[in-house]
Each structure stands twice: as structure tokens, then as C-alpha cells.
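S.K.: Residue numbers (full-length UniProt numbering), protein chains in the order written: chain A, 1 to 147; chain B, 1 to 147; chain C, 1 to 147; chain D, 1 to 147; chain E, 1 to 147; chain F, 1 to 147; chain G, 1 to 147; chain H, 1 to 147; chain I, 1 to 147; chain J, 1 to 147.
Quick reminder that beta carbons are idealized off the backbone N, C-alpha and C, glycines included.
All of these numbers come straight from a predicted model, not from anything done at the bench.
Handing you a structure now.
Number of protein chains: 10
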Amino acid sequence: MTKNDMRDAILEAKASKGLSWEHIAERVGCAPVFVCATCLGEHSMTQDQAEKLTSVLGLNAEVATALTEIPTKALQGEALMNDPLIYRLKEINLVYGETIKQLIQEKFGDGIMSAIDFTMDIDRIEDPDGDRVQLTMSGKFLPYKRW
Amino acid sequence: MTKNDMRDAILEAKASKGLSWEHIAERVGCAPVFVCATCLGEHSMTQDQAEKLTSVLGLNAEVATALTEIPTKALQGEALMNDPLIYRLKEINLVYGETIKQLIQEKFGDGIMSAIDFTMDIDRIEDPDGDRVQLTMSGKFLPYKRW
Amino acid sequence: MTKNDMRDAILEAKASKGLSWEHIAERVGCAPVFVCATCLGEHSMTQDQAEKLTSVLGLNAEVATALTEIPTKALQGEALMNDPLIYRLKEINLVYGETIKQLIQEKFGDGIMSAIDFTMDIDRIEDPDGDRVQLTMSGKFLPYKRW
Amino acid sequence: MTKNDMRDAILEAKASKGLSWEHIAERVGCAPVFVCATCLGEHSMTQDQAEKLTSVLGLNAEVATALTEIPTKALQGEALMNDPLIYRLKEINLVYGETIKQLIQEKFGDGIMSAIDFTMDIDRIEDPDGDRVQLTMSGKFLPYKRW
Amino acid sequence: MTKNDMRDAILEAKASKGLSWEHIAERVGCAPVFVCATCLGEHSMTQDQAEKLTSVLGLNAEVATALTEIPTKALQGEALMNDPLIYRLKEINLVYGETIKQLIQEKFGDGIMSAIDFTMDIDRIEDPDGDRVQLTMSGKFLPYKRW
Amino acid sequence: MTKNDMRDAILEAKASKGLSWEHIAERVGCAPVFVCATCLGEHSMTQDQAEKLTSVLGLNAEVATALTEIPTKALQGEALMNDPLIYRLKEINLVYGETIKQLIQEKFGDGIMSAIDFTMDIDRIEDPDGDRVQLTMSGKFLPYKRW
Amino acid sequence: MTKNDMRDAILEAKASKGLSWEHIAERVGCAPVFVCATCLGEHSMTQDQAEKLTSVLGLNAEVATALTEIPTKALQGEALMNDPLIYRLKEINLVYGETIKQLIQEKFGDGIMSAIDFTMDIDRIEDPDGDRVQLTMSGKFLPYKRW
Amino acid sequence: MTKNDMRDAILEAKASKGLSWEHIAERVGCAPVFVCATCLGEHSMTQDQAEKLTSVLGLNAEVATALTEIPTKALQGEALMNDPLIYRLKEINLVYGETIKQLIQEKFGDGIMSAIDFTMDIDRIEDPDGDRVQLTMSGKFLPYKRW
Amino acid sequence: MTKNDMRDAILEAKASKGLSWEHIAERVGCAPVFVCATCLGEHSMTQDQAEKLTSVLGLNAEVATALTEIPTKALQGEALMNDPLIYRLKEINLVYGETIKQLIQEKFGDGIMSAIDFTMDIDRIEDPDGDRVQLTMSGKFLPYKRW
Amino acid sequence: MTKNDMRDAILEAKASKGLSWEHIAERVGCAPVFVCATCLGEHSMTQDQAEKLTSVLGLNAEVATALTEIPTKALQGEALMNDPLIYRLKEINLVYGETIKQLIQEKFGDGIMSAIDFTMDIDRIEDPDGDRVQLTMSGKFLPYKRW
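This is the structure we're talking about:
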């Protein structure tokens with residue numbers, strides 16, 4: 001089963017059962033961002049997680065196997081960047097990229113924030129002026145090796 | 001005074017005085033990300049903020065005026081995306097962009113996270129397995145208008 | 001039902017019934033630009049609007065459901081920009097983009113015109129020298145947050 | 001005098017005199033969008049208009065001559081599209097381009113909205129939910145010739 | 001019937017009947033360039049023209065309807081520019097583009113040659129040193145509006 | 001003397017003397033398109049032509065020498081294609097490129113229209129509905145060699 | 001029969017019969033480069049050549065007809081340039097392109113080497129230090145027309 | 001002395017002395033293509049060759065040193081490919097690239113023609129139908145290693 | 001059998017048999033990188049190697065034949081570069097490319113490291129601070145020919 | 001002092017003193033790849049290392065300070081990839097990228113080889129068939145976090 005077929009099967013089952021990513025994540029015992037990314041084909045999970053997930057959605061073992069396989073990531077590439085919601089993150093990087101570099105280096109020295117040893121949470125923050133989306137990204141600092 | 005000259009003057013003064021963005025921000029009374037982005041030429045600040053900032057750095061009124069002008073943003077464009085630290089944010093969008101879209105829409109419906117009514121904090125989180133960079137992005141949710 | 005299948009079904013029904021977007025919009029009770037964009041797969045509408053629309057066109061509930069789903073927008077990307085009619089809007093931005101920036105900032109300060117809290121009308125203006133197309137775009141001004 | 005030198009001279013004089021594009025346009029007797037685009041180097045004006053404009057700004061005859069010359073337009077090209085305000089117009093075209101095509105063709109048949117026999121107004125519309133930017137574009141409809 | 005299916009049907013019928021574009025154009029009563037461009041899916045014709053054309057080629061009413069529909073133009077985009085014959089026109093624009101701009105502006109002032117109110121003829125000119133291709137392009141001059 | 005310096009010298013002399021390309025071409029004894037392209041740096045002329053041209057414009061021998069040198073052509077590349085006048089020729093190729101290929105091949109067989117053994121005229125054709133620009137391109141047909 | 005189907009049929013027949021391009025070319029009576037390019041869909045041949053070729057490969061008349069049709073060339077475009085063997089020719093042009101221009105112009109004046117009135121041979125040259133590939137390209141010199 | 005300064009010095013001396021690449025190459029004792037490519041900054045030569053070359057052109061030791069330094073090659077990249085003469089080699093690769101691959105592999109197996117252990121000659125071949133440019137490229141065949 | 005079908009058959013058989021590339025390579029008698037690259041469609045192997053490989057995986061002679069055919073390499077091109085693991089190699093070249101050039105030239109003179117007469121090993125190196133990936137690339141130095 | 005000025009000063013001093021990167025590295029007490037990359041402006045070193053380096057080369061304290069500053073990396077971007085030596089590493093990634101992914105994942109699971117906690121050695125390996133370049137890359141394996 002290809003990652004694309006896996007993805008279609010999951011999205012269809014999720015829609016027909018009316019489940020949210022939040023709910024599925026709770027049942028699998030991990031974070032919503034991680035579960036969603038894996039179901040969209042951008043991550044892999046353990047056999048145990050995969051079985052819980054397919055059991056929640058009523059899907060078969062083939063889907064579970066596909067969930068444990070390591071994907072080639074980001075195959076949709078820049079094409080997705082035209083969607084307005086996804087573009088805003090590109091814009092944040094275009095406008096604030098250098099600023100992020102300045103402030104991380106001021107606090108840590110020469111290195112980067114890992115995008116691999118990395119977690120993200122997405123929350124709805126109530127606000128009388130209009131609720132806000134909060135993205136919390138946490139990546140291990142990796143210092144550049146000098147050798 | 002062009003934004004580029006302003007930027008050079010500020011970075012030079014900051015380096016020679018050995019001040020951090022954190023410290024400057026505290027003295028100006030605003031957030032480090034906002035102060036740094038403005039000094040790099042990607043934002044504008046009020047006359048009052050600009051005067052506090054130039055006073056901290058010992059710079060003249062021309063620099064203050066330049067800080068209040070509205071810049072053409074993101075002129076360095078994609079070229080900066082090759083820097084490894086800045087690239088990681090592009091990679092996060094390539095890998096997690098669709099996931100962010102799914103989860104924001106699940107919580108809010110059709111719309112986007114604003115990159116304009118937007119704030120960001122950058123923190124160092126101590127961790128025995130290696131300290132972590134934490135980026136907290138907060139953008140107002142803007143629902144797509146149906147008319 | 002995918003957005004593409006939905007789109008094909010609607011365009012076929014519209015053609016065979018000989019209905020205009022103007023007429024459909026009136027029956028659904030919303031603006032022609034909004035109705036057309038939703039049918040082409042770039043917007044979502046309420047269940048109520050979707051039912052009215054499919055009733056006008058004699059289409060089934062699957063189409064109505066597809067109309068309420070949030071699409072990934074702008075998937076055709078730059079490829080459409082080669083069509084001469086669509087290119088003219090790109091050209092207007094190439095020639096007048098900076099001018100629009102100057103004048104919005106003169107009237108409002110640092111910020112943008114929202115493309116989300118946004119409406120558009122397209123009208124035919126009679127003119128003895130040749131009728132004119134009038135595009136009226138209205139977007140909420142969003143001031144850049146200083147924090 | 002190159003168009004770039006002309007532009008710099010005008011922007012500097014305008015800033016030092018604290019004049020708005022609205023005010024300058026009124027004095028020259030034409031529309032603000034037209035005046036601003038010409039001063040930025042994207043249009044040409046008549047000798048008479050140019051003299052009025054340089055008189056308002058206290059600039060010399062060389063600037064007036066430069067204002068009457070026909071420019072190579074859009075030389076900054078796609079690079080400006082990264083500015084968030086200017087990008088929103090690109091995004092509107094990405095999301096609504098096909099819709100605009102459908103509706104113009106429904107009202108006029110096969111052809112385009114001219115970007116040459118074209119005018120634009122930019123207005124601030126007061127609104128209790130936040131003031132709005134209104135762009136009104138008017139272009140002559142040009143039918144595709146069949147021959 | 002899609003424009004692609006229409007195109008395939010016409011090219012097949014034309015080949016099997018051994019007709020030239022010249023001949024078809026004469027029978028339809030319009031120019032060869034116009035007929036050919038419409039059959040390739042880049043133009044639309046009147047119902048009357050379409051019926052004459054399908055009658056010449058022995059094709060059905062569906063093809064005639066497709067011929068009258070307004071196409072999205074230039075969908076093949078830059079990809080065709082690699083063909084050596086088509087590239088030569090790109091090269092002419094690369095080498096002579098500025099020259100054409102100079103000479104049109106010298107004769108007409110600020111404006112463009114329309115590509116919409118536009119006709120083209122393609123002729124074979126006999127020449128003892130080798131016959132020549134002659135392209136005659138005629139486009140209405142459109143002066144830039146000053147307003 | 002570089003081609004750019006030569007070009008600047010010629011354009012300045014031409015403007016200060018108020019001469020047209022038509023007039024210069026007549027004095028040099030060749031076509032306006034050829035003279036203009038050479039002065040812009042895209043062609044080379046004979047020593048004799050160069051001397052006539054510099055004599056008309058009152059320029060020195062260095063300019064004449066530069067006019068006889070073979071240039072690297074099209075160095076401005078795609079950047080010029082954003083100018084609306086120059087873009088229309090790109091659009092004509094996008095919309096009619098395949099048509100031109102069909103009709104040349106119908107009349108000549110497999111081969112191309114030369115862009116080297118090539119001439120072009122640009123004329124103003126009076127027309128009660130608005131004067132027209134006429135571009136007449138003439139290129140030797142070059143048959144593909146079979147060997 | 002499309003050029004792609006023609007190509008597949010020929011490559012399959014050639015492989016199953018174990019024939020070389022050299023052998024086929026000899027039987028058809030033309031050059032290996034020409035035969036191979038035609039079979040890959042980048043050239044056209046005469047009816048007579050096409051019949052000889054299909055007879056050698058045991059293919060039907062439809063293939064022969066397809067071989068005589070004029071193809072749209074270079075449709076695979078830049079994508080093939082990543083293959084290491086094909087890339088080396090791109091690299092030779094990147095490194096030696098200007099040199100080739102200098103030397104052709106030294107010997108011939110302003111003009112080009114034709115890629116249409118063009119032949120190429122590919123030979124294996126024995127060499128004790130390792131055999132060498134020899135490409136011999138011969139193109140008619142085309143002088144730039146001055147008119 | 002940078003490679004660019006070296007290049008300018010050599011081209012100027014060569015022009016003022018009226019020497020051809022053929023002549024210079026003979027005096028240095030190597031091939032014209034090699035000498036020309038080195039002078040343009042795409043190759044390096046031995047100290048002995050460099051001294052001969054600077055002696056022929058009357059240039060100083062700094063130029064000789066620059067000629068022996070290893071350049072970063074192909075810095076002008078794709079930009080040169082718009083020149084018609086240089087483009088023809090790109091076109092040959094677009095049209096014949098796959099053919100070259102087929103024929104080299106038929107004669108040699110899996111591998112490439114080296115662009116490093118590589119020589120090229122450029123000759124004028126007299127021909128009553130118009131003289132021809134002949135490029136002879138010779139590159140060592142490098143078999144792909146299997147390990 | 002196309003290279004893509006071959007690839008799918010091998011990956012499926014490998015997964016269902018639970019074999020590693022290391023194991024397969026040992027059975028075929030060659031290096032893991034070479035075996036894997038050939039199975040993915042980027043290399044060719046001898047008939048003997050192909051038979052051993054298909055015997056290990058229980059695949060038929062068609063697969064073996066496909067393994068011996070010379071592929072068009074790198075058809076997936078830049079698209080794969082978005083995968084984070086594969087991107088890191090691009091990043092290493094962006095950051096260290098010039099350094100590699102400096103050091104190879106210091107040790108060898110003007111020339112390159114061959115990517116054809118080339119081998120690579122990939123090893124896991126145990127390390128108390130976290131195991132490391134070791135890539136060892138070995139390419140024959142090829143000196144630039146001077147002729 | 002900018003990184004570019006620092007780089008020029010170092011390369012000039014290194015050339016005039018005739019020192020190798022190997023020698024400099026030994027004197028500074030670190031690896032040649034690291035020293036060279038830092039001097040080219042792609043890395044930063046400690047104050048102590050910087051002082052040793054400037055002492056070896058006879059450069060002043062400003063250069064030492066510049067060496068300790070954190071650079072924006074990879075600013076030359078893709079432009080360098082046209083150099084044949086640097087391109088070979090791009091080609092290796094195009095041809096072997098997927099293979100490297102397969103083998104790292106087989107040995108380590110889902111994750112990447114770090115390009116930050118990364119070292120590289122470049123060696124000359126003597127070989128009777130021609131000496132070989134050996135690149136040894138060592139990067140910490142970073143497992144994708146599941147959370």
C-alpha cells in the first residue's frame with residue numbers, strides 16, 4: 001500500500017466517522033501534530049501506535065504497516081506554498097528569518113534549531129479581540145561542530 | 001537615510017557597545033523579536049520607540065527617522081533560505097505545512113493565521129538532553145469572508 | 001467526491017441548464033464572485049448555501065458536501081498566469097504594485113489590505129468609447145502589530 | 001537624468017515637504033494613482049503635468065523632462081512580490097484569477113480587461129468593524145479579434 | 001467535450017482528409033491563422049463558423065460547440081519554447097524586444113501593440129536565395145491612459 | 001569602450017539632437033530596426049555604416065569602433081519580458097506559437113524561420129478605428145537537414 | 001499513432017531483434033545520429049526511408065507514417081539535463097560557450113553555426129590511454145543579415 | 001589580480017595588437033580553444049605557457065600568475081545561453097541529447113564522455129553551399145564503476 | 001519491463017522477504033550502495049549479478065534483463081531535494097562546496113573528483129554521544145587536460 | 001570588517017606566504033576542512049583559534065574578530081553549482097540521494113545524518129590506476145522525534 005492510498009483511506013474513514021485529529025491523537029496516545037503528519041504521509045509511527053490508530057478508524061493491517069514505513073518527505077514541495085494558510089508561514093520566514101537567526105545565535109551561539117528533534121503544538125487561544133492561533137515549536141539546539 | 005544604512009549603523013553600534021537584543025528591547029519597552037526585526041529593516045516603530053532605541057545605542061535622529069519609515073519587506077527573498085538555520089523553518093513548512101492547515105481548520109474553520117496581527121517569542125528552554133529553542137507564534141485567526 | 005469532480009459536475013450542469021453565475025448567485029443569496037470561486041474549488045460555503053446551489057443545478061448531496069469542505073487553494077499556481085486575461089492582473093501588480101503600497105500606507109500606515117476579509121465585485125460599465133470592466137476589491141485594513 | 005535618480009529626487013522632496021500623493025495629485029490635476037506611478041518610474045506624463053509637479057515639489061527642469069520620458073516598466077519584476085502588501089494582490093490572482101475570467105467572459109464574451117486603457121482608485125472606506133481598503137480597477141473590455 | 005478532445009478530433013480528421021489549414025480557412029471564410037489557433041484550442045469562433053468547419057471536416061455538433069467555447073489560453077506555457085521553430089520567436093524578442101519598444105514609441109508615444117485586437121498572416125515569399133517565411137502582425141496601438 | 005557606454009553615448013546624443021531612428025537610418029542608408037538594434041548593443045555594423053552614424057550624431061571614433069564589434073546578445077534576458085509592450089510579443093508566442101509552427105510546416109515542410117537571415121519592419125498603419133502597429137518579419141526558411 | 005507510441009514500438013522491436021543503430025542506419029541508407037533522433041521522435045524522415053526502417057524492424061505502416069510526421073521537438077526539455085552523460089554537454093557549453101563564440105566569430109564574423117543545416121557523427125576512437133568518444137558537429141555558418 | 005581583470009587586460013591587448021587566437025595559440029604552442037578558454041578565465045595554464053602568452057601580448061607577470069591560477073568555472077552560468085550562437089549548442093543538446101546517449105552507450109556501454117579529459121577543435125570547412133563550422137569534441141570514455 | 005516496474009517489483013519482494021540491502025549485496029557479491037542504486041534504477045549491473053539478485057529475491061528473468069539495461073539517470077531531479085535527509089547533502093555542498101574545491105585543488109591541481117569512477121560506502125559508527133553516519137566517497141582524480 | 005573583506009585578506013596573505021590549508025590547520029590545531037570553510041566565510045571559530053590563525057598569516061585583530069562572528073551561510077547559493085568540481089557533488093546527490101536514504105534508514109530507522117554535528121576529511125589516496133580523492137563525511141544520526 002502506497003503512502004497516498006494510506007492517506008486517502010485514513011482521511012475517508014476519519015470523515016465518515018466524524019473524528020477529530022485531537023480525538024484520534026488522544027486515543028493513540030501522542031500529539032495531534034504528530035498523528036496528523038503521519039497520516040498525511042510525512043512521518044512514521046511505531047507498530048503499536050499504528051495498530052491503535054487503525055483500530056480507532058476501523059482500518060486494516062495494510063494501513064497499519066504503511067503507517068510504520070519511512071516516507072520520502074515533502075514530495076509536494078513548493079506547490080503547496082500557494083495556499084494562503086500555508087503561505088503565511090513562508091511569509092513569516094521571509095520577513096522574520098534573519099531576526100530568528102539573530103536571536104537564536106544571541107542565546108546559543110553558532111548553530112541551528114533542529115527540525116528533526118522537534119515538536120509542535122497548535123492551540124486556540126481565546127481573545128476578546130478575536131481568537132488567536134498559537135504555534136509552539138520546540139527544537140533542540142544543535143551547535144555547529146568545530147573540529 | 002536608507003534602511004540599509006540604518007541597519008548597518010545599528011548593527012555596528014550594537015556590536016561596539018556589546019548590547020544584546022534582549023537588553024535593547026527591555027530599554028525600548030517592547031519585544032526582542034519586534035525590535036530586532038525593525039532594526040534589520042523589516043518593520044517600523046513609533047517615533048517614541050525610535051528615540052529610545054537611538055538613545056540606548058548613541059545614534060542620531062536620522063536613524064530614528066529611518067526606524068519609523070515603512071519598509072518594503074522581504075527584499076532579500078529566497079536567497080536567505082540557503083542559510084541552514086533559516087532553511088529549517090522552510091523545511092518545517094515543507095514537512096508540516098499541510099498538517100498545520102488541517103489542525104487550524106479543525107479548530108477554527110476556513111481561514112488563516114494572520115502574519116500581520118502576529119507576535120513571536122524566542123526562548124531558550126533548559127533541558128538535560130540539550131537545551132531547546134522554543135518559537136511561540138501567535139497570530140489572530142482570520143475567517144474567510146463569505147459574501 | 002474530490003473538488004475536481006465537484007467542479008466538473010457543476011460546470012457541466014451549469015452549461016446544460018444555460019444558467020449564468022449571476023443567476024445562480026441570486027438564487028443562493030450571495031455574491032457572484034463568491035459563488036463562482038466556490039464552484040471552481042477555491043472557497044467553501046455553508047451547508048445551507050450548498051443545498052440551495054445544488055437544488056438550482058439539479059445536483060446531488062455529494063456535491064453539496066464537497067462545496068462545504070475547505071479546499072487547498074491555488075493548486076494551479078503560476079500556470080494560469082499565462083492566460084492573457086489572468087495575466088493582465090499580474091501585469092497590473094508588476095506595474096502598480098509599489099504605487100498601491102505607497103497609497104495604502106499614506107492613508108492607513110504600516111499594514112496590508114486583507115485578502116481573507118475580502119470581497120470583490122465585477123461589473124460591466126457602459127461607456128460610449130467601449131464598455132469597461134470594473135473590479136471593485138474591498139479588503140479590511142490590517143495594521144502590522146507592534147509588540 | 002535616469003528614472004531612478006528622478007524617483008529618488010521626488011521621494012526626498014516629498015518627504016522633506018511633508019506632502020501626500022493626494023495633495024500632489026490635486027495640484028497637478030490628475031489621479032493619485034497615476035501621479036504616484038509616474039513618480040515611481042512606471043508611467044510618463046505630459047510636459048505640462050510635469051512642470052506643475054516639479055513646481056509643487058521645488059524640483060528642476062531635468063526632473064520634469066525625466067517625468068515625460070517613456071519608461072521600461074516593471075523592471076523590479078517578481079522581486080517585489082515578497083512584500084506582504086504587494087503579495088496579497090498576487091494571492092488574489094492565484095485564488096480568484098479563474099473566477100474573474102469566468103465572470104468577465106459571462107458578461108462580455110471572449111476578450112480581456114485592458115491594463116493599458118486602465119484606471120485605478122484607492123480609497124479608505126470607514127467601517128465599524130475596521131476600515132477597509134477599496135481598490136477600484138476600471139479597464140476597457142477588449143474583445144478578441146476574429147479575422 | 002474538452003478542448004483537448006476537440007483538438008485531437010480535428011487534427012485526426014484533417015490528416016485523414018488531407019486538407020490544409022489554407023483550404024479549411026477558405027471554406028470557413030476566415031484567416032488561416034485564426035482557424036488554426038481555434039482548432040488548437042487557443043481561440044473561440046462563432047456558431048456559424050464552427051458549423052462550417054465541422055461540416056468541412058465531417059465532425060459532429062459536439063465539436064462545433066467546443067469550438068465556440070472560450071478557452072483558458074496558453075496552458076502549455078514555456079514548455080513549447082524548446083521547440084526550435086517556436087524558440088526563434090522567443091529569440092527575436094530577446095534580441096529585438098527593446099528595439100521594437102523604441103520604434104513603436106517613436107511613432108506612437110507611450111503605449112503598446114495590442115495582442116487582442118490583433119491579426120497575423122503567414123506567407124511564403126519566393127526568393128532565388130531561398131524562399132522566406134513572412135509573418136505580418138497587426139495590432140491596434142493602445143495608448144497608456146493618463147487619468 | 002564597452003557596448004553599454006556606446007549605447008549611453010548614442011541615446012544621449014540622439015535625445016539632445018532630437019533625431020528619430022527613422023531619420024538616422026535614412027542617413028546611414030539602412031533599416032530603422034537594424035540601426036536601432038545595433039545602437040542598443042544587439043547587432044554590429046560595417047565600419048562605413050558606423051562612421052556615417054557617428055557623423056550624424058556628432059560622436060567620436062571610439063563609438064564607431066564599438067559599433068563594429070560583435071556583441072554578446074540578449075544579456076538582459078527574460079528581465080525585459082515584464083515590460084507590457086515587450087510582454088505582448090511573448091504572449092503572442094504563448095498563444096500562437098503552435099499555430100505558427102503548423103502553418104510554416106504546411107507551406108515548407110520540416111524546418112524553421114531563420115532569426116539570423118532575418119529582417120523586420122515596423123510601420124504605423126492608419127485606421128479609422130485606431131491606428132495599428134504592423135510588424136513584418138521576414139526570415140529565410142531553413143529546412144532540417146536529413147543526412 | 002503518437003510519436004511516443006512510435007518510439008516505444010521501435011525501441012522494443014530494436015531490442016528484441018538485437019539490432020544496433022549503426023546497422024539500422026546502414027540499411028536505411030543514412031547516418032546513425034539522424035536515424036536514432038528520428039526514432040526517438042526528434043526528427044522526420046521521407047516516406048521511402050520510413051518504409052525501409054519499418055521493414056528492417058518488422059513494423060507496420062502506421063509506424064512508417066508516424067516517422068514522416070514533423071514532431072514538436074525537445075518536449076522533455078531541461079529534465080533530461082540531469083542525466084550525467086547528457087549533462088556533460090551542458091557543462092561543455094557552460095565552460096566553453098564563450099570560447100566557441102570567440103573562435104567562430106574570429107573565423108567567420110558576426111553570425112552563428114546552424115543547428116538546422118546541421119549534421120553530427122559519433123565515433124569511437126581507439127586510444128592506449130582509454131578509448132575516446134568523438135563528436136563531430138558540422139553546421140552551416142549563417143551570417144547575421146544587415147539590412 | 002582577479003580573473004576578470006586578467007581577462008580585460010588580455011582582450012584589450014589582443015585587440016590593440018590585432019592578433020588572432022589562432023596566432024596566439026601557435027606562439028604559445030597549444031590549441032586555440034584551450035588558449036582562448038584560459039584567457040576568458042575558464043582554464044589554467046602552466047607557468048611556462050603563461051609567460052609565453054604574456055610575452056606575445058606584452059603583458060606583465062601579474063597577468064601570467066593569474067593565468068596559472070585555478071578558476072571557479074562557469075560563473076556566468078545560464079545567462080550566456082540567451083546569446084543566439086551559444087544557444088544553438090543548448091538546442092543541439094535539447095534535440096539530440098538522448099540520441100548522443102543512445103549512440104555512446106551502444107558503442108561503449110554504461111558511462112559518459114569526459115568533459116575534463118576533453119579537447120575541442122573549431123574549424124572552417126569550405127563548402128560551395130556556404131562554409132561550415134565544424135566542432136570536433138573528443139572526450140575520454142569513462143565507464144561507470146561497478147563495485 | 002520499464003525501470004519503474006523493475007524497481008517496484010524489487011522493493012516489494014525485498015519487503016515481503018524482509019531482506020536488507022546489506023544482505024542482498026553480500027549474496028550478489030558487490031557493495032550495498034551499488035546494489036541499492038541499481039535496484040532503484042540509477043545504475044546497471046552485469047547479467048551474472050542480475051541473475052544472482054533475482055534469484056535471492058525470487059524474481060523472474062524480465063527483472064534481471066531490466067537490471068542490465070542502462071538507465072536515464074536522475075529523472076526525479078531536484079524534486080527529491082526537499083526530503084530532509086537528502087537535503088542535508090545539498091546543504092553540505094552549499095556550505096562546504098568551495099572548501100572542497102580549495103582542498104582538492106591544493107592536493108591535486110586543476111581537475112575534479114570523478115562521479116563516474118566513483119564508489120561510496122555508508123557505515124554506522126558507534127559513538128557514546130550518539131552513533132554517527134559515515135559516508136566515504138572515493139572518486140578518481142581527473143586532471144583537466146591542457147592541449 | 002565584512003566576511004568578504006576578511007576572506008580576501010586571508011586568501012591574499014595565504015597566497016603571498018605560499019602556505020597550504022593543511023599547514024595552517026596544523027598550526028591552528030584543527031582540521032583543514034574546518035579552517036578553510038571558516039576562512040571562506042562559512043563557519044566561525046573561537047577567539048583563540050582566530051588569533052593563532054591571524055598570527056600564522058600575519059593579519060591584524062580585525063580579521064581575528066571577523067573570524068569569530070557567526071556568518072550568514074551559503075549566500076552564493078546555487079550559482080556555485082555550475083563549477084564542474086562542485087557540480088559533481090550535486091550529481092552524486094541526484095544519482096545516489098535515494099540510495100543514501102535507503103541505506104541510512106536501514107541501519108538507523110527514520111531520521112537524518114546531521115549536517116551540523118558534522119565533520120569532513122579530504123584525502124589523497126594513492127592508486128596505481130590514478131590517485132583518488134576520498135571524502136569522509138561523518139554526521140551524527142538524528143532520529144525523528146515522535147511525540
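Listing by chain order, which chain I residues have their CB less than 8 Å from the CB of B:Leu94?
M.R.: Asn82
S.K.: Could you tell me the boundaries of the beta strand (DSSP E) in which C:Asp117 lies?
M.R.: Here the beta strand (DSSP E) through C:Asp117 covers Gly111 to Ile125.
S.K.: For F:Ile104 and E:Ile122, which I take to be in contact (beta-carbon distance under 8 Å), what is that distance rounded to the nearest angstrom?
M.R.: For F:Ile104 against E:Ile122, the beta-carbon gap comes to about 7 Å, under 8 Å, which counts as contact.
S.K.: With distances taken from CA atoms, which of I:Asn93, I:Phe141, I:Thr99 and I:Asp8 is nearest J:Arg124?
M.R.: I:Phe141
S.K.: Please determine, among E:Gly58, E:Val63, E:Arg132 and E:Gly18, the residue with the shortest C-alpha to C-alpha distance to E:Cys39.
M.R.: E:Val63
S.K.: Residues of chain H with CB closer than 8 Å to the CB of J:Ala64, please, in chain order.
M.R.: Within chain H, no residue comes near J:Ala64; the closest Cβ sits about 25 Å away, beyond 8 Å.
S.K.: Going by alpha carbons, who is nearest to F:Leu135 out of E:Met113, E:Asn60, E:Ser44 and E:Leu11?
M.R.: E:Met113
S.K.: For D:Glu91, which residues in chain A fall below 9 Å Cβ to Cβ?
M.R.: Ordered by position in chain A, the residues that pass the 9 Å Cβ test against D:Glu91 are Asn82, Pro84 and Tyr87.
S.K.: To the nearest angstrom, how far is it from the Cα of E:Arg7 to the Cα of E:Ala13?
M.R.: 10 Å
S.K.: What's the gap between the Cα of E:Ser44 and the Cα of D:Arg146?
M.R.: 8 Å
S.K.: Considering only C-alpha positions, which residue in the set H:Leu94, H:Leu67, H:Asn82 and H:Gln76 is nearest to E:Ala79?
M.R.: H:Leu94
S.K.: On the CB-based measure, 16 or more other CB atoms within 10 Å of its CB, does J:Gln102 come out buried or exposed?
M.R.: So J:Gln102 counts as buried.
S.K.: For G:Phe118, which option in G:Met137, G:Phe108, G:Gly130 and G:Pro128 has the closest C-alpha, if you only look at C-alpha atoms?
M.R.: In this structure, G:Met137 is the residue among G:Met137, G:Phe108, G:Gly130 and G:Pro128 with its C-alpha nearest to the C-alpha of G:Phe118.
S.K.: Report back the beta-carbon spacing between B:Val33 and A:Tyr96 to the nearest angstrom; my notes put them in contact at under 8 Å.
M.R.: Their Cβ separation, rounded to whole angstroms, is 7 Å, which keeps B:Val33 and A:Tyr96 in contact under 8 Å.
S.K.: Please report how far the alpha carbon of A:Ala50 lies from the alpha carbon of A:Asp5, in whole angstroms.
M.R.: 15 Å
S.K.: Locate the alpha helix (DSSP H) running through H:Leu142, then write down its first and last residues.
M.R.: H:Leu142 -> not in any alpha helix (DSSP H); beta strand (DSSP E) instead, spanning Arg132 to Pro143.
S.K.: Helix, strand or coil, according to DSSP, for A:Arg27 in the structure here?
M.R.: helix
S.K.: Would you give the residue range spanned by the alpha helix (DSSP H) that D:Gln49 belongs to?
M.R.: Gln47 to Leu57 is the extent of the alpha helix (DSSP H) around D:Gln49.
S.K.: Could you pull the start and end residues of the alpha helix (DSSP H) that F:Thr10 belongs to?
M.R.: It is Ile, not Thr, that sits at residue 10 of chain F in the sequence shown. Unbroken alpha helix (DSSP H) run through F:Ile10: Lys3 to Lys17.
S.K.: Identify the contact partners of F:Leu40 in chain E, using a Cβ-Cβ distance below 8 Å as the criterion.
M.R.: Correct list: Glu98, Thr99 and Gln102.
S.K.: For D:Leu67, I'd like the list of residues in its chain whose CB is within less than 8 Å of its CB, leaving aside the five on either flank, ordered along the chain.
M.R.: Met6, Thr38, Cys39, Ser44, Met45, Gln49, Ala50, Leu53 and Thr54
S.K.: In chain F, which residues lie with their C-beta within 9 Å of the C-beta of D:Lys3?
M.R.: Ordered by position in chain F, no residue passes the 9 Å Cβ test against D:Lys3, which lies about 13 Å from the chain.
S.K.: May I ask which residues mark the beginning and end of the alpha helix (DSSP H) holding E:Thr38?
M.R.: E:Thr38 -> alpha helix (DSSP H) spans Pro32 to Cys39.
S.K.: Give the straight-line distance between the Cα atoms of A:Leu57 and A:Glu26, rounded to the nearest whole angstrom.
M.R.: In a straight line, the C-alpha of A:Leu57 is about 13 Å away from that of A:Glu26.
S.K.: For A:Gly111 versus A:Pro71, is the C-beta spacing smaller than 8 Å?
M.R.: Against a cut-off of 8 Å, the Cβ pair of A:Pro71 and A:Gly111 comes out as no contact.
S.K.: Please go through the same chain and pick out, in chain order, the residues whose beta-carbon is closer than 6 Å to the beta-carbon of J:Met1, but skip the five residues on each side of it.
M.R.: Glu62 and Ala66
S.K.: Is the shortest distance between the beta-carbon of C:Thr136 and the beta-carbons of chain D less than 8 Å?
M.R.: yes
S.K.: Rounded to whole angstroms, how far is the Cβ of B:Ala9 from the Cβ of B:Leu59, which I believe are closer than 8 Å?
M.R.: 6 Å
S.K.: With 16 as the cutoff for other CB atoms within 10 Å, does I:Gly29 come out buried or exposed?
M.R.: exposed
S.K.: Is it right to say D:Asp83 is buried, meaning 16 or more other beta carbons lie within 10 angstroms of its own, or is it exposed?
M.R.: Answer is buried; the Cβ neighbour count reaches 16.
S.K.: Mind listing the chain B neighbours of C:His43? Cutoff is C-beta to C-beta under 8 Å, in chain order.
M.R.: Asp110, Tyr144 and Arg146
S.K.: Output, in sequence order along the chain, the residues in the region 7-35 of chain F whose CB is closer than 7 Å to any CB in chain D.
M.R.: Result list empty, no residue passes.
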